[in-house]
Amino acid sequence: MTRFAIICTAALLAAACSKPCITVTVSGLDETELNISHMALKDYPVPNDSDPRVKNETIPLKEGKAVITPDSLPSLYAISPASKPQAFIRMIVEPQDRITIRFKADENGYIYTASGSAAADGMADYLGTVHGTDMAIDSMVNLLNGDPDNKGYFDIYDSLSTARRTLTAAWIRRNADNPSAALLLRNVPLDSVPALYDIFDESMRTSHLAPLIDETKHNSDRRIATRKAAEATVPGAEAPDFTLNDPDGKPVSLSSLRGKWVVLDFWGTWCGWCIKGIPDMKKYEEKYRKRCTFVSIDCFDSPERWKEGLEKYQMPWIQVYNPDDAPLDKNAIVLYGVQGYPTKIVIDPDGRIHKVFAGEGPDFYKELDAVL
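With our numbering applied, the sequence shown covers 562 to 933.
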């Protein structure tokens, strides 16, 4: 993606754009810079903001204004005053767009307005719809920062967040043909996503907006399936079979381990509590390996990061990798309804779930001592 082209002369800043541009105006505080993050829609999603496909820049404001040339591909932008990085506006920008964005600060926070394209007009309308709720949420955040253990504050915050998601879903239903609806789909209640996906016109679902829509739909389907599986992952239930590859690329199936006790350990190199539990896991695997097979299932790591972790932590039992993009009916995380890490699942020799342990604690090890 091209970098920003910033036009700095006062005359050009004051004039309306005659060429594609994003004009940003900040008022209400002494601001000198903008934070800009942008990436091509075709690259969405990325694992984190440090991905090289995300361009992060700080650009100067001249008398509260800046003019930016849009990227040469349809892109996703996040723009904020540099002193208030949490006060950002996300927007879809086309290469031919001529957009005006205004940030105005007052005693109640920021008011955002945008105009000049269908996506900008839609985002401005949406922000107006949720503005009152956003102000109430910001107030509760300030109260929680001062008293983080106040359950009453948290309950109000949670209720307001739910209300915002509901308002977002209602806005999308009214504006399903607006490009910003594709971006906002990620902010609706979980169970609303499938129905909202169906109201998008086919031309929109197959356009350059498809990565935004498809990723949200995929994540929703996955979370719904995981939640349903968690309800079914109970003692006495048959353990779902799966086949995953070990570090050498050889497939390992759960069904091939029938006849012995099995421990499934869902972990990741990014999980501090998972790493903290490795020494105890080593002790208990060595103690019971004749009667019990340990299987660690890596989640949400790249294959490279996983193998680096195996080299570092030296866990002498079966290690397999769960690809994040695996189909739902083959994804071990989904099949077992795993919603926290580490999760350890004990399976009896007949292939039935004996007990599920979420988190790292002594109960898991006490249970192994009891049954083995």
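Don't be surprised by glycine CBs; every beta carbon is placed ideally from N, CA and C.
Look at the stretch 849-876 and you find these whole runs of beta strand (DSSP E), each 3 residues long or longer: 853-860. E799 places its beta carbon less than 9 Å from that of I914. Short of 8 Å from the beta carbon of T854, and not among the five residues preceding or following it, lie these beta carbons of its own chain, in chain order: L818, K821, W822, V823, V824, W878 and I879. Setting aside the 5 residues that flank it on each side, G677 is surrounded in the same chain by D658, R659, I660 and T661, each with a C-beta closer than 7 Å to its C-beta; the list follows chain order. Under DSSP, N883 forms a beta bridge with C860. As the crow flies, the alpha-carbon of R852 is around 12 Å from that of I908. For P621, the pairing in a beta bridge is given by DSSP as E594.
Distance from the CA of H692 to the CA of T729, rounded to the nearest whole angstrom, comes to 11 Å.
Within the same chain, no residue comes within 8 Å of N703 by CB-CB distance, once the 5 residues on both sides are set aside. For T794, there is no enclosing beta strand (DSSP E), as DSSP marks it with neither H nor E. Secondary structure in the stretch 672-712: the alpha helix (DSSP H) runs of 4 residues or longer, each lying completely within the stretch, are 679-707 in chain order. Bridge partners of F664 according to DSSP: V587 and Y673.
A direct Cα-to-Cα measurement between D612 and I597 gives close to 15 Å. Residue environment: I858 is assigned as buried (16 or more neighbouring CB atoms within 10 Å of its CB, all protein chains considered). As far as DSSP is concerned, S633 takes part in no beta bridge. Contact between L805 and N739 does not hold, since the beta-carbon distance rounds to 41 Å and is not under 8 Å.
DSSP places V895 in the uninterrupted alpha helix (DSSP H) bounded by A893 to L896. Beta-bridge partners assigned by DSSP to N806: P812 and Y882. Under the 8 Å Cβ criterion, the stretch 761-778 counts as touching the stretch 735-753, having at least three qualifying pairs. Looking only at I839, S764, N780 and Y687, the smallest Cα-Cα distance to P750 is reached by N780. Partner residues in the beta bridge of F827, as assigned by DSSP, are I858 and T904. Measuring C-alpha to C-alpha distances from A786 to each of S722, A893 and G838 identifies A893 as the nearest. Per DSSP, K916 lies in no alpha helix (DSSP H) segment; the continuous beta strand (DSSP E) that holds it begins and ends at I914 to A919.
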